[in-house]
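Just so you know, we're using the numbering used here here: the sequence shown kicks off at 216 and counts up by one.
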Amino acid sequence: MKKLLSLIIAVITFYGCQNVILSEEYQENVPATRASVGSSDYYYWCDGVKIPLTVNENKSYVLVETAKIESVRKSAVNIRGGNTRTIDNYAALGIRSSKEFRMQKSLTSFTLDNAQQKSINPQDVVYEAPYFKTSDGADLGIMNVFSVQLTGEQDLAKLQKIAEEYNLEILGENKFDPSIYYLSCTKESKGNALEMANFMYESGAFEYATPEFIVESMPDAAPNDTYFSYQWNLKNVSYPGIDINYVNARNAFAFPYINDIIVAVVDNGV
């Protein structure tokens, strides 16, 4: 077995600091700009840029088996609600399930404060990760899922090997782009989805890797885009003559029912 380097990505989970070891096989092509040796900062990568995060000390994201939900509610402090998520719900991420997909259990997610999180029996917890604060003060949670884009077909074997070594589950590929794969973490994994995504990207073996974020809706947020006022909807009525060509869709407006269709774009700016 190849000698392992002690490259530690020190992103701290709720349970404490978990070490992620990067092997020589994936260390070969790591650019200096990606390195974060010894860093204790919270961050994620976006278009090659390291985006800092501030941990929310009183909030965490927790997944439990739905079958154990009554036990969790009895043992935990003031826990109500919860969002149940089964395999079919992963389709919202555009995942085409892999043949090896084995996670047949229904899961329920909770957003908990410190007292609630500490009151849960650890044996009932499938996965947990901290919440963070963005620069504009919004809460940002980390699901148990992250995506990785391969640089080529040859990278699939690398992905499968890392998934096995770090106790990750390959959920499947993106149904629109087969070079993108989705993986999930549990408490048995070597890190949460943020840590694992950073590890994958910093290895230099993949095009990109990013966790699936949980973003609170901010309908009253003020945009900071200088050119925001120059944007328009599908049909531009403010600036005639510079409308986009939306694939002959404008001709469809001749049909009586088409005017009932509303197209919206929601951008949280993460």
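Where a beta carbon is used, it is the ideal one built from N, C-alpha and C, also for glycine.
Backbone CA spacing between Glu403 and Asn439 [nearest angstrom]: 41 Å
Classification of Leu322 by the beta-carbon crowding that lies within 10 angstroms, buried from 16 upward: Within a 10 Å sphere around the beta-carbon of Leu322 sit 16 or more other beta-carbons, which makes this residue buried.
Outcome for Ile335 when other beta-carbon atoms lying within 10 angstroms are tallied against a minimum of 16: When all chains shown are included, Ile335 counts as buried.
Residue interval of the alpha helix (DSSP H) (run including Ala412): 408-417
Residue burial classification, Pro267 (beta-carbon count within 10 angstroms, cutoff 16): exposed
Backbone CA spacing between Ile385 and Phe428 [nearest angstrom]: 18 Å
Beta-carbon spacing of Val363, Leu374 below 8 Å: yes
C-alpha distance - Val279 paired with Ala408, whole-angstrom precision: Between Val279 and Ala408, the alpha-carbon positions lie close to 16 Å from each other.
Length of the line joining the Cα atoms of Met411 and Gln338: 22 Å
Residue span of the beta strand (DSSP E) that contains Leu383, given as start and end: Premise fails: Leu383 is in no beta strand (DSSP E) and is neither H nor E.
Contact between the segment 280-287 and the segment 339-358 (3+ Cβ pairs under 8 Å): Flag = yes, the segment 280-287 and the segment 339-358 touch.
Residue of Gly263, Thr269, Tyr257 minimising C-alpha distance to Gly487: Not covered by the structure: residue 487. The range shown for the chain is 216 to 485.
Per DSSP, cross-strand counterpart(s) of Tyr346: Asn271
Buried versus exposed call for Asp261 [16 or more other C-beta atoms within 10 Å across all chains shown]: In the sequence as displayed, the identity of residue 261 is Cys instead of Asp. Counting Cβ neighbours within 10 Å, Cys261 comes out exposed, since fewer than 16 surround it.
Beta-carbon separation (whole angstroms), Val430 vs Tyr397, contact threshold 8 Å: Their Cβ separation, rounded to whole angstroms, is 18 Å, which puts Val430 and Tyr397 out of contact at 8 Å.
Short Cβ contact (8 Å threshold) for Asn271 with Pro345: yes
Residues near Leu327 in its chain [Cβ-Cβ closer than 6 Å; skip 5 each side]: Ser275, Val277
Close-in-space but distant-in-sequence residues of the same chain around Asp354 (CB under 7 Å, 5 per side omitted): Asn271, Lys274, Tyr346, Lys348, Glu431
Residues that DSSP places opposite Asp354 in a beta bridge: Lys348
Alpha carbon of Lys376 to alpha carbon of Ser350, nearest angstrom: 36 Å
Gly406, buried or exposed, once every other Cβ within 10 Å from all chains shown has been counted against 16: buried
Neighbour-count burial assignment, Glu379, 16 or more Cβ in a 10 Å radius: exposed
DSSP bridge partner residues for Thr281 (one or two, in chain order): Answer is none; Thr281 lacks a bridge partner.
Reduced DSSP secondary structure (H/G/I, E/B, other) of Lys390: Collapsing the DSSP output to three states places Lys390 in coil.
Phe325 vs Leu365 beta-carbon contact at 8 Å: no
Short Cβ contact (8 Å threshold) for Tyr258 with Pro426: Not a contact, by the Cβ cut-off of 8 Å.
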